[in-house]
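When you line the sequence shown up against our numbering, it's residues 1166 to 1517, in that order.
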Amino acid sequence: MIILYSPAHARHAPRFEMDAELGGFRPSPEVPARAEAILRVLRERGLGTAQTPPPAPPPLEALYEAHDPGLVRFLSTIRPIWSERIGRDVAVVPDVFALRRLARRPADPLRQAGWYCFDPQTPLLEGTWEAALTAAGCALEGAQRLAAGERLAYALCRPPGHHAGRDYYGGYCYLNNAAIAAARLRRLGPVAVLDVDYHHGNGTQDIFYGSGEVLYVSLHADPDTAYPCFSGYRDETGEGAGRGANLNFPLPRDTDEAGYLAALEAALEGIGRFRPECLVVSLGVDTARGDPIGGLGLAPESFRRLGARVGALGRPTLVVQEGGYSLDLAGPCAAWFLEGLQGTLAPAPPAT
Ligand code: Q9C
Ligand code: ZN
């Protein structure tokens, strides 16, 4: 299996985040060590090899299928302006948010943070744009691999992407890697995005909400009590041409493996009915029991059974890494998932 990975992810290394629920100002869980831990386990288990040279940052045009040019301009230009006027070591974090009728985008780029960003846990640092753009490049390269005939590719994206919407960012996400790849794959035919991250992928839902060509299906902790709180409910089913092409499966906090697999069956049934040409999996492993910010009742080996069920769909599949914050669990969970997926999607030839 080919792994799309770039060491450029480490240019984005947030140190702190503001999370009142988890005790206020505290160390950020979305750190470079996450990607390194996952890569190490995949290598140890002989699951794949990282492409050399690593994927490059794509041209900005590749982003506009999923994102508003104003968001891309803000993300790609704010740092030098902020560094000069505020300070190089100060993270771009909004101190005021544009909600509902607060609907005038300010001209001053410094004040646009609260226009584009929806939470105080997603700092924009000196190396953030380079890392985010290269992560999108990893996902895009995975999409090209599928377009070229490969059955399976894994984009080890960091920072993650599924909370970034058409014209907003947040939830540790700046560019929506999976959506950018899905937009590329749409040229081949209908695409399904299956999102198994603990959190609802509000950004991916937003980007494809009016599209009948990309089906978005998500299993996640009930937004009544879990981030991102303002989307992910069952009655969000798409609009216009996208009516019926958005399926949310909110899960109770105490969901165990059996409960999870039952919901996954229903999700896969919806995907089967859509008859996609190919599949993008937003693989968050923050559903593992013991994850520091998520955690359902899934053990590392549960992910092998999840992967095997998804592989049985039999469609060319791009797996894009999203969340997963335990440095001990994220690698094994991702490895089990990919192993299960590989087993049913491209079964090993029988021994002779
Ligand atoms: N008090 C991903 O897994 N913090 N993003 C939640 C709740 C943000 C998670 C705060 C969590 C974002 C890709
Ligand atoms: Zn998550």
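Yeah, the Cβ is synthetic: ideal placement off N, Cα and C, and Gly gets one too.
Values in this document were obtained by computation on a predicted structure and should not be read as measured data.
Under 9 Å between C-beta atoms of residue i and residue j
i	j	result
Ser1376	Ala1410	yes
Glu1315	Gln1216	no
Leu1317	Ile1167	yes
Arg1191	Leu1492	no
Tyr1334	Phe1283	yes
Pro1324	His1232	no
Ala1313	Pro1288	no
Thr1242	Pro1274	yes
Val1356	Pro1441	yes
Tyr1339	Trp1294	yes
Ile1203	Gly1496	yes
Gly1459	His1364	yes
Arg1270	Ala1500	no
Leu1426	Leu1471	yes
Gly1302	Pro1222	yes
Ala1272	Val1258	no
Thr1299	His1327	no
Glu1422	Ser1467	yes
Arg1331	Asp1371	yes
Rounded straight-line distance, which links the Cα of residue j to that of residue i
i	j	result
Val1445	Ala1347	7 Å
Phe1262	Tyr1392	17 Å
Leu1403	Ala1344	The amino acid at residue 1403 is misidentified as Leu; the sequence shows Gly. For Gly1403 and Ala1344, the distance between alpha carbons rounds to 16 Å.
Ala1160	Glu1430	Summary: the structure shown does not reach residue 1160, with the chain confined to residues 1166 through 1517, and so no result is reported for it.
Leu1461	Leu1416	9 Å
Phe1373	Thr1420	28 Å
Leu1290	Cys1443	35 Å
Asn1367	Ala1329	8 Å
Thr1214	Val1206	12 Å
Leu1236	Arg1454	35 Å
Arg1238	Arg1244	11 Å
Tyr1170	Pro1218	10 Å
Gln1309	Leu1350	8 Å
Leu1483	Leu1510	12 Å
Cys1394	Gly1449	17 Å
Arg1265	Ser1396	15 Å
Gly1292	Asp1260	21 Å
Arg1180	Asn1341	22 Å
Met1183	Arg1253	19 Å
Ile1251	Ala1473	50 Å
Asp1389	Arg1408	23 Å
Pro1512	Arg1469	14 Å
Leu1522	Gly1188	Residue 1522 lies beyond the range of the chain shown here (1166 to 1517); nothing can be said about it.
Pro1285	Pro1515	52 Å
Phe1414	Leu1353	27 Å
Ala1428	Tyr1398	14 Å
Leu1149	Tyr1319	The shown model of the chain, from 1166 to 1517, leaves out residue 1149, and the question about it has no answer.
Pro1224	Glu1186	38 Å
Pro1172	Glu1249	27 Å
Glu1226	Leu1240	14 Å
Pro1194	Arg1208	23 Å
Phe1502	Arg1276	42 Å
Pro1465	Leu1380	28 Å
Glu1201	Glu1378	35 Å
Tyr1490	Cys1498	11 Å
Paired residues, beta bridge with residue i - DSSP
i	result
Met1183	Phe1190
Tyr1381	Val1358, Asn1411
Ile1167	Thr1214, Ala1318
Tyr1334	Cys1282
Gln1370	In DSSP, Gln1370 forms no bridge with anything.
Asp1421	Gly1462
Cys1443	Val1356
Val1484	Tyr1319, Val1446
Val1257	Leu1289
Leu1416	Ala1386
Ala1453	Leu1463
Contact belief for residue i with residue j at Cβ below 8 Å, rounded distance in angstroms
i	j	result
Glu1504	Leu1228	That pair is no contact at about 32 Å.
Ala1296	His1177	4 Å
Val1485	Cys1322	6 Å
Ala1488	Asp1451	It is Gly, not Ala, that sits at residue 1488 in the sequence shown. Confirmed, about 4 Å.
Leu1463	Ala1432	Going by Cβ atoms, the distance from Leu1463 to Ala1432 rounds to 15 Å, so no, they are not a contact pair.
Cβ of residue i within 9 Å of any chain D Cβ
i	result
Val1206	Among the chains of the structure shown, chain D does not appear; only one protein chain is present.
Contact between the segment 1354 to 1374 and the segment 1383 to 1392 is defined here as three or more beta-carbon pairs at a separation below 8 Å; is this criterion met?
Touching, yes.
Would you call the segment 1423 to 1441 in contact with the segment 1464 to 1483, where contact means no fewer than 3 C-beta pairs closer than 8 Å?
In short, these stretches touch, since the Cβ pair count reaches three.
Around the ligand PLP, what residues have a beta-carbon under 5 Å from a heavy atom of it, in chain order?
As far as ligands go, the structure on display features the ligand Q9C and the ligand ZN and does not contain the ligand PLP.
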